[in-house]
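> With the working numbering, you'll find the sequence shown wraps up at 404, consecutive numbering, no jumps.
From the three backbone atoms N, C-alpha and C, an ideal C-beta is built for every residue, glycine too.
Let me give you the structure first, and then I'll get to my questions.
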Amino acid sequence: MRHIYSFCLLAFWPGSLVLAQTNYLVLKGNSYSPGAYNILIGHFAGNTEMPGQGNVFVGAQAGPQNSTGTLNVFTGYQVGYSNTTGSNNVFLGSWAGYRNTAGNYNAYLGNQAGYNSTTCQFNAFVGSDAGYKNTSGGLNTFLGYQSGYNNTIGGSDTFVGYRAGYANTTGLYNTFVGYQAGYNTTTGSNNIIIGPNSGTAITTSDENVLMGYNSQAEDGLHNATAIGAGSRVAISNALVLGSGVNVGIGTSAPTAKLELVSESPHESGLRLTNLTSQSPPTAQTDQFLSVNQRGEVIKARYQLRINNATEWSDKVFSPAYPLRSLSSVASYVGQHGHLPGLPSAQEVVQQGMDLTRLNTLLLEKIEELTLYSIQLEQKVNRLDEQQAQVNELKSLVKQLLDKK
Numbered sequence: 001m002r003h004i005y006s007f008c009l010l011a012f013w014p015g016s017l018v019l020a021q022t023n024y025l026v027l028k029g030n031s032y033s034p035g036a037y038n039i040l041i042g043h044f045a046g047n048t049e050m051p052g053q054g055n056v057f058v059g060a061q062a063g064p065q066n067s068t069g070t071l072n073v074f075t076g077y078q079v080g081y082s083n084t085t086g087s088n089n090v091f092l093g094s095w096a097g098y099r100n101t102a103g104n105y106n107a108y109l110g111n112q113a114g115y116n117s118t119t120c121q122f123n124a125f126v127g128s129d130a131g132y133k134n135t136s137g138g139l140n141t142f143l144g145y146q147s148g149y150n151n152t153i154g155g156s157d158t159f160v161g162y163r164a165g166y167a168n169t170t171g172l173y174n175t176f177v178g179y180q181a182g183y184n185t186t187t188g189s190n191n192i193i194i195g196p197n198s199g200t201a202i203t204t205s206d207e208n209v210l211m212g213y214n215s216q217a218e219d220g221l222h223n224a225t226a227i228g229a230g231s232r233v234a235i236s237n238a239l240v241l242g243s244g245v246n247v248g249i250g251t252s253a254p255t256a257k258l259e260l261v262s263e264s265p266h267e268s269g270l271r272l273t274n275l276t277s278q279s280p281p282t283a284q285t286d287q288f289l290s291v292n293q294r295g296e297v298i299k300a301r302y303q304l305r306i307n308n309a310t311e312w313s314d315k316v317f318s319p320a321y322p323l324r325s326l327s328s329v330a331s332y333v334g335q336h337g338h339l340p341g342l343p344s345a346q347e348v349v350q351q352g353m354d355l356t357r358l359n360t361l362l363l364e365k366i367e368e369l370t371l372y373s374i375q376l377e378q379k380v381n382r383l384d385e386q387q388a389q390v391n392e393l394k395s396l397v398k399q400l401l402d403k404k
């Protein structure tokens, strides 16, 4: 048995019945044989013959063409006007969902929200003119005045903010949040744009991430990321931060463009996986990068440093230094093929050589050579003295022989 609900509302002013020429104070549904469990309130609300059930139509000409549509809630003037078979929809606001015919599971809240939607499903449009031109795009969430206004078949988009995603027509899987975020994007897909006036320069770009006030990307890029207020990325497959931004890794208060703080002291925390000590050199240079006392990377000339005096070679000149004899050195070289105290070529190939240690050892050998030179000079001087004495004796002998 069908249940028919009719509602009559009379408004009285003391002593008189108030009737305005353009208003209907007596509300009468448009259905003479409505389906079960419908509530129709308003002039021509609902269809004259409407088998659909469980609908709530409130407002003049709300859902006037509904036939088999069920479980809809339409509230406002001409809301859901063209709906025939669409079900499980909630339309609130004048002309909301006006052209919807067979769309299901949509929520349009606001004046003309989802106005041109016809057969789409699973949309949520909140705000006047939100999703206004959407026809069949589904799985969209538009929140804000004229958000997603020009969208037609774009789906799975989320636009939040005043005119966010305004120009989007067929773009898919976009997320725009903020005042006019992604305003000019038309067919771009898989973009994330967050921040007021962000992403307004792109129209067809895909797979980009822009975050921060007025963060931008050149049009036509893909996989480009700009983070920070005023940041701008100009090439694909790039990450750009806003000007003046310091990046901290392992620290919450970076004071340089990039500051790394490792978990262990005396470690940089930086690893170059594909550039190791085994990598071949690609250029020859006398320029070096080093760190100063604050750990800042600087361009510097190579400067050899030692931790204490015992690491240097002055010990060679100590009277207690065990200077090898040259015959001992000759024997060692003959046996090992290199000077004593220095690594062999094979050891350097396998283990490398600390430059500070190498310079110390080389200086040690130079100082040993100096001592050997001094010893040789002393021997030469003694030989010269002996030769002078021999020459003097020869002269005396000659003089004696000449007197005979």
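Please state the DSSP three-state secondary structure of residue 17.
Because residue 17 carries a pLDDT of 35, less than 50, the predicted location of this residue cannot be relied on, and the following value inherits that uncertainty. Here residue 17 sits in strand by DSSP.
> Considering only their Cβ atoms, is the gap separating residue 342 from residue 361 smaller than 7 angstroms?
Yes, the pair counts as a contact, with Cβ atoms nearer than the cut-off.
> Mind checking which residues open and close the alpha helix (DSSP H) that includes residue 194?
Careful: residue 194 lies outside any alpha helix (DSSP H), inside the beta strand (DSSP E) at 192 to 194.
> Can you determine whether any heavy atom of the ligand FAD sits closer than 6 angstroms to the C-beta of residue 393, and answer yes or no?
Looking at this structure, you won't find the ligand FAD or any other ligand, since it has none at all.
> Nearest-angstrom Cα distance between residue 50 and residue 87?
Cα to Cα, residue 50 sits roughly 13 angstroms from residue 87.
> Among residues of its own chain, excluding the 5 on either side of residue 121, which ones have a beta-carbon nearer than 8 angstroms to its beta-carbon?
Here the set comprises 103, 104, 105, 106, 138, 139.
> Between which two residues does the alpha helix (DSSP H) holding residue 92 run?
Element bounds for residue 92: not the alpha helix (DSSP H) but the beta strand (DSSP E), 90 to 92.
> Just to confirm my understanding: we take residue 401, look at its own chain, exclude 5 residues before and 5 after, and list those with CB closer than 8 angstroms. What are they?
Cβ neighbours of residue 401 beyond the five flanking positions: none.
> Between which two residues does the beta strand (DSSP E) holding residue 204 run?
Run containing residue 204: none; DSSP gives neither H nor E here.
> Identify which residue in 301, 44, 170, 188 has its Cα closest to the Cα of residue 223.
Selected option, being the one with the closest Cα: 188.
> When DSSP builds the beta bridges, which residues end up paired with residue 107?
Answer by DSSP bridge pairing, in chain order: 90, 124.
> Starting from residue 379 and walking both ways along the beta strand (DSSP E), at which residues does that stretch end?
Segment 355 to 403 is the alpha helix (DSSP H) holding residue 379; no beta strand (DSSP E) there.
> Measuring CA to CA, which of 221, 313, 239 is closest to residue 185?
Considering only alpha carbons, the answer is 221.
> Mark residue 127 as exposed unless 16 or more other C-beta atoms lie within 10 angstroms of its C-beta, in which case mark it buried.
Buried is the call here.
> Can you tell me whether residue 248 is helix, strand or coil according to DSSP?
Of the three classes helix, strand and coil, the one that applies to residue 248 here is strand, per DSSP.
> Would you mind sorting residue 368 into buried or exposed? The rule is 16 or more other CB atoms within 10 Å of its CB.
So residue 368 counts as buried.
> So what does DSSP say about residue 304, is it helix, strand or coil?
It is coil, neither helix nor strand.
> Taking the alpha-carbon positions, what's the residue 217 to residue 154 distance?
Each residue's alpha carbon lies about 21 angstroms from the other.
> Residue 317 by DSSP, collapsed to three states: which one?
Three-state DSSP puts residue 317 in a helix.
> Quick one: Cα of residue 101 to Cα of residue 157, how far?
Whole-angstrom Cα-Cα distance: 22 angstroms.
> Given that a residue counts as buried once 16 or more other Cβ atoms are within 10 Å of its Cβ, and exposed if not, what is residue 351?
Label assigned to residue 351: exposed.
> Reducing DSSP to helix, strand and coil, say where residue 259 ends up.
The answer is strand: DSSP assigns residue 259 an E or B state.
> If you drop the 5 nearest sequence neighbours on each side, which residues of the same chain put their C-beta closer than 7 angstroms to that of residue 169?
Excluding sequence neighbours, residue 169 sits near 150, 151, 152, 154, 186, 187.
> Please confirm whether residue 42 and residue 58 have their CB atoms less than 7 angstroms apart.
Yes. Within cutoff.
> If you compare alpha carbons, which of 94, 363, 36, 295 is closest to residue 62?
Of the listed residues, the one whose Cα sits closest to residue 62 is 94.
> Between which two residues does the alpha helix (DSSP H) carrying residue 348 extend?
Looking at the DSSP string, the run of the alpha helix (DSSP H) that includes residue 348 is 345 to 351.
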